[in-house]
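Engineer: Quick one: the structure is below, and I'll ask about it shortly.
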Amino acid sequence: MKKFEVYRNIRKRAMIFGLPVSLFALQMVSVVASLLVIIFSFSFGIILSAMVFNAILFVALTRMAKNPQLLQTINAFPKSISNKRNSGFNYEED
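Under full-length UniProt numbering, the residues of the sequence shown are numbered 1 to 94, in order.
Structure, rendered in structure tokens:
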């Protein structure tokens, strides 16, 4: 009988329209904001500029998603924080 292991980190690699979930959320916030701008302004130029802005943002986000080096950030905080004095002795190493 075949055994399958459980994949618990499926949300880390989930994609919607070719974007990771966090970048897709950013795109949807931009779409909702542009819809609000379109509703409260009655200019054809603003409607076209909102559509062009959303298209450019989508292309930029998909390129950023395909090149993961652009999205990686250095961790600013250490893994553990302690207020003990550093005596200079390493007890783990022989």
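Note that CB positions come from ideal geometry on N, CA and C, so glycine has one too. Bear in mind the structure is a predicted one, so any value in this text is a computation, not a measurement.
1) Tell me the rounded alpha-carbon separation between ALA33 and ASN90.
2) Would the beta-carbon of ASN90 be found less than 7 Å away from any heavy atom of the ligand ADP?
3) Ignore the nearest five residues each way along the sequence and tell me which others in PHE40's own chain have a CB closer than 8 Å to its CB.
4) May I ask you to list the residues that DSSP assigns as paired with LEU19?
Structural biologist: Reading from the atomic positions:
1) Taking the sequence shown and counting its residues from 1, one reaches residue 33 at position 33. Taking the sequence shown and counting its residues from 1, one reaches residue 90 at position 90. ALA33 and ASN90: Cα-Cα distance of roughly 55 Å.
2) As far as ligands go, the structure on display features none, and thus does not contain the ligand ADP.
3) Numbered from its first residue, the sequence shown carries residue 40 at position 40. Nothing listed; no residue qualifies.
4) By 1-based counting over the sequence shown, the position of residue 19 is 19. Partner(s): ILE16.
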